[in-house]
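Protein chains in written order, with my numbering: chain A, 1 to 465; chain B, 1 to 261.
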């Protein structure tokens with residue numbers, strides 16, 4: 001219909017700044033590299049032992065043969081640890097100028113002033129800036145980078161670290177366990193509720209860099225927390241790797257929401273293991289937005305271990321040219337009257353591919369459990385793909401499970417309707433796409449919703465065929 | 001300032017190589033209300049869609065101009081911004097987009113950047129129009145047409161008509177599926193538009209609508225053409241006697257476009 005085709009803009013966060021790192025390990029993954037990382041961090045012996053065991057497991061474990069194509073991922077070419085500066089800043093003034101500039105460009109300090117309770121900014125392997133509002137500290141909330149938490153809260157750390165996701169879970173959890181650095185550690189004490197979100201921001205700056213942050217969140221009985229993370233990386237000609245592990249423990253009657261807006265450049269392999277465990281009447285929510293990357297393989301999981309626990313996963317994935325978003329969700333109903341919902345929204349365009357891979361498991365004890373799965377896909381053109389692969393494992397008769405899958409195209413009738421009211425084809429398409437992901441954006445904090453809409457608009461430019 | 005002029009001359013329209021309209025001539029001026037009547041399958045809705053520029057319909061011959069400008073050269077959205085409006089028989093559902101957001105975008109599409117309608121002004125006018133059409137306030141926050149009843153969809157089309165305030169509107173079977181109360185309300189909305197700057201083309205099967213909105217001109221379509229035109233008395237005659245007498249008068253046995261004349 002419309003003749004004009006807007007120019008495709010470049011990835012906005014694709015800039016990279018001067019390398020100011022003070023230390024980096026050699027390329028490739030050896031025992032020596034792992035020892036070096038641990039030594040740099042002055043870790044206790046048990047952590048080094050854990051890392052080395054994980055490394056052995058990583059070597060032994062074959063590459064996954066499902067999901068996306070990992071053959072181009074060369075573990076020998078990656079730099080596993082890059083230390084960007086000597087010390088962590090408590091105020092922005094203490095952050096090295098070059099790095100501060102990067103985060104200024106990304107709008108981080110501004111965001112903190114406006115609406116965040118605490119901020120953590122990770123550059124390459126280490127957290128370079130960290131702050132938590134005083135009133136939250138007084139409530140006993142711990143929000144630190146994971147390395148500092150290991151030093152200062154070792155007992156709490158040891159009790160939970162690696163318990164939800166053991167290193168032996170999969171090849172990439174083993175990799176992360178061997179070389180992890182940075183990430184967020186959060187502890188919310190019993191009954192403490194926070195309304196403003198805590199945020200972490202992850203930035204890769206170097207070529208062929210691997211970022212392996214490790215996040216551990218413990219929400220004690222009756223407490224609640226909302227954690228938000230955002231990620232970007234420069235565009236390089238060779239690939240980078242982001243392989244995080246996120247472990248969350250939500251105790252009785254507690255609530256945790258974990259919101260991710262991942263906007264990696266499209267040469268980043270994003271292979272992430274995320275899992276939460278819920279005790280009785282606890283609620284866990286994954287709000288997961290996957291826009292960039294070359295390949296994402298990510299299936300946030302929730303183990304509903306206590307009676308009446310609830311799990312929600314709401315995700316969107318957008319795949320453009322040369323991208324595969326292999327994303328999904330896992331729900332394990334292990335106790336009576338547990339309930340879960342999965343809403344997966346995906347958009348493929350310009351030859352991109354989105355796959356939903358999901359598992360809903362009902363254990364023998366899951367009497368009265370309920371699960372609801374909804375997968376919606378919007379395909380923008382004839383070159384793009386989508387598939388939906390839901391697995392259900394049901395070991396108890398007394399459960400209910402609903403699954404709905406819908407694939408749609410932006411229809412000629414919808415476009416005609418909106419254009420007949422004066423909207424251009426571009427505006428009309430954008431409106432349909434925004435409407436499609438509205439169930440996701442409405443769950444984001446206001447400022448993120450605005451940013452998200454901006455990102456989607458940006459992604460959609462030039463995608464009208 | 002007097003109203004716009006929509007001029008349709010010898011319009012031939014095909015869908016998938018099958019000719020539906022076979023030379024329609026019609027002129028609608030600001031201040032005039034026209035009704036096009038006719039049995040099913042005679043090309044009435046095709047005329048409406050072709051004027052608005054639906055991509056499925058191909059104009060093979062003839063012309064459409066609005067105030068002398070070639071409408072056929074315009075994209076759908078350009079036609080809308082030039083002053084045309086089509087109230088659709090089956091409006092699309094747009095999930096996730098609230099009716100009020102959509103309306104505001106439609107209004108702003110007609111305004112320059114930086115000169116967008118102010119939120120307060122927009123809400124004030126919207127409330128007024130919702131009241132006039134006896135639409136529940138919550139429709140503004142519901143997703144556009146999603147889960148709307150047939151009657152709600154029609155009212156929503158008229159709400160858009162009032163909000164957008166076009167120069168020439170085509171109403172495609174705006175009365176279908178409405179009960180008598182809803183029909184009265186919808187008619188009230190349409191009558192509100194009357195004025196020398198507004199021209200209207202109503203497409204309908206039934207005289208019923210014309211009891212509430214008196215047309216200045218009535219046209220009968222058969223076999224993809226306007227075969228008879230007259231004043232409001234023509235509609236009354238059709239109501240009383242049906243279409244058979246016209247067919248007899250013109251020697252038509254099959255009035256649909258299937259029939260090649």
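Where a beta carbon is used, it is the ideal one built from N, C-alpha and C, also for glycine.
Quantities reported herein were computed from a predicted structural model and do not represent experimental measurements.
Can you pull the chain A residues whose beta carbon is under 7 Å from the beta carbon of residue 52(B), in chain order?
-> In chain order: 420.
Straight-line Cα distance separating residue 231(A) from residue 101(A) = So the two alpha carbons sit approximately 16 Å from each other.
If you measure from the beta carbon of residue 380(A) to each beta carbon in chain B, is any gap under 8 Å?
-> It does not; no Cβ of chain B falls within 8 Å.
May I ask you to list the residues that DSSP assigns as paired with residue 52(B)?
-> Under DSSP, residue 52(B) forms no beta bridge with any residue.
Interface residues of the region 421-436 of chain A facing chain B [CB-CB below 8 Å] | Within the region 421-436 of chain A, the residues whose Cβ lies closer than 8 Å to some Cβ of chain B are 421, 422, 423, 424, 425, 427, 428, 431, 432, 434, 435 and 436, listed in chain order.
Members of the region 70-98 of chain B near chain A, C-beta cut-off 7 Å = Here the close residues are 75, 76, 77, 80, 81, 86, 88, 91, 92, 94, 95, 96 and 97.
Which residue comes first and which comes last in the alpha helix (DSSP H) that contains residue 124(B)?
-> Judged by DSSP secondary structure, residue 124(B) falls within the alpha helix (DSSP H) whose first and last residues are 119-132.
Amino acids of chain A, ordered along the chain, whose beta-carbon sits closer than 9 Å to that of residue 106(B) | Residue 106(B) reaches chain A at 418, 421, 422 and 423, counting residues in chain order whose Cβ is nearer than 9 Å.
With 8 Å as the threshold, decide whether the Cβ of residue 414(A) is near any Cβ in chain B.
-> For residue 414(A), the answer is yes, since a Cβ of chain B falls inside 8 Å of its Cβ.
By Cβ distance, which residues of its chain are closer than 8 Å to residue 114(B), with the 5 residues on each side in sequence left out?
-> Nothing meets the Cβ criterion.
Of all the options 339(A), 385(A) and 187(A), which has the alpha carbon lying nearest to the alpha carbon of residue 325(A)?
-> Closest by alpha carbon: 385(A).
Go ahead and pull the three-state DSSP assignment for residue 206(B).
-> Reduced to three states, the DSSP call for residue 206(B) is coil.
May I ask which residues mark the beginning and end of the alpha helix (DSSP H) holding residue 16(A)?
-> Looking at the DSSP string, residue 16(A) is not in any alpha helix (DSSP H), and its letter there is neither H nor E.
Hey, quick one: how far does the beta strand (DSSP E) through residue 229(B) stretch, first residue to last?
-> Taken as a continuous stretch (DSSP letters only), the beta strand (DSSP E) holding residue 229(B) covers 225-230.
Which bits of chain A does residue 164(B) rub up against, with CB to CB less than 9 Å?
-> Neighbours of residue 164(B) on chain A, chain order: 421 and 422.
Measuring only between beta-carbons, confirm whether residue 109(B) sits less than 8 Å from chain A.
-> Residue-level contact check: residue 109(B) touches chain A, since one or more beta carbons of chain A fall below 8 Å from its beta carbon.
Pair every Cβ in the region 184-193 of chain A with every Cβ in the region 46-63 of chain A, then say whether three or more of these pairs are closer than 8 Å.
-> The region 184-193 of chain A is not in contact with the region 46-63 of chain A.
List the residues of chain A whose Cβ lies closer than 9 Å to the Cβ of residue 160(B), in chain order.
-> For residue 160(B), the neighbours in chain A by C-beta distance under 9 Å run, in chain order, 421.
For the 8 Å Cβ check, are there 3 or more pairs between the region 126-133 of chain B and the region 155-169 of chain B?
-> Three or more Cβ pairs closer than 8 Å define a contact, and the region 126-133 of chain B meets that threshold against the region 155-169 of chain B.
According to DSSP, residues forming a beta bridge with residue 27(A) = Bridge partners of residue 27(A): 79(A).
Give me the Cα-Cα distance between residue 177(A) and residue 258(A), rounded to the nearest whole angstrom.
-> Roughly 21 Å separates the two Cα atoms.
Is residue 299(A) near residue 357(A), with beta carbons less than 8 Å apart?
-> Yes.
Could you name the residues of chain B that residue 439(A) contacts, counting a contact when the two beta carbons are closer than 8 Å?
-> Within 8 Å of the CB of residue 439(A), the CB atoms of chain B belong to 96, in sequence order along the chain.
Does the Cβ-Cβ distance between residue 440(A) and residue 316(A) come in under 8 Å?
-> Yes, the pair counts as a contact, with Cβ atoms nearer than the cut-off.
With distances taken Cα to Cα, identify the nearest neighbour of residue 244(A) among 253(A), 443(A) and 272(A).
-> The shortest CA-to-CA distance from residue 244(A) to any of 253(A), 443(A) and 272(A) is the one to 272(A).
Just to check, is the beta-carbon of residue 337(A) closer than 7 Å to a non-hydrogen atom of the ligand NAD?
-> The ligand NAD is not part of the structure shown, which contains no ligands of any sort.
Going along the chain, which residues of its own chain have a beta-carbon closer than 7 Å to the beta-carbon of residue 39(B), five neighbours each way excluded?
-> These residues qualify, in order along the chain: 243 and 255.
Does the beta-carbon distance from residue 99(B) to residue 155(B) come in below 8 Å?
-> Contact check for residue 99(B) against residue 155(B) fails: the beta carbons are separated by 8 Å or more.
Residue 221(B) bridges to which residues according to DSSP?
-> Beta-bridge pairing links residue 221(B) to 226(B).
Can you tell me where the alpha helix (DSSP H) with residue 100(B) in it begins and where it stops?
-> According to the DSSP assignment, residue 100(B) belongs to the alpha helix (DSSP H) that extends over 99-108.
contact_flag[the region 200-217 of chain A, the region 70-88 of chain A] where n(CB pairs < 8 Å) is 3 or more = Yes: the two stretches touch, three or more of their Cβ pairs being nearer than 8 Å.
What's the C-alpha gap between residue 197(A) and residue 301(A)?
-> Put simply, the backbone Cα of residue 197(A) is about 21 Å away from that of residue 301(A).
In the DSSP assignment, find the unbroken alpha helix (DSSP H) run with residue 452(A) in it and report its ends.
-> Unbroken alpha helix (DSSP H) run through residue 452(A): 446-460.
Sorted by chain position, which residues of the same chain lie with C-beta nearer than 6 Å to residue 313(A)'s C-beta, five sequence neighbours on each side aside?
-> The answer, listed in chain order, is 286, 300, 329 and 342.
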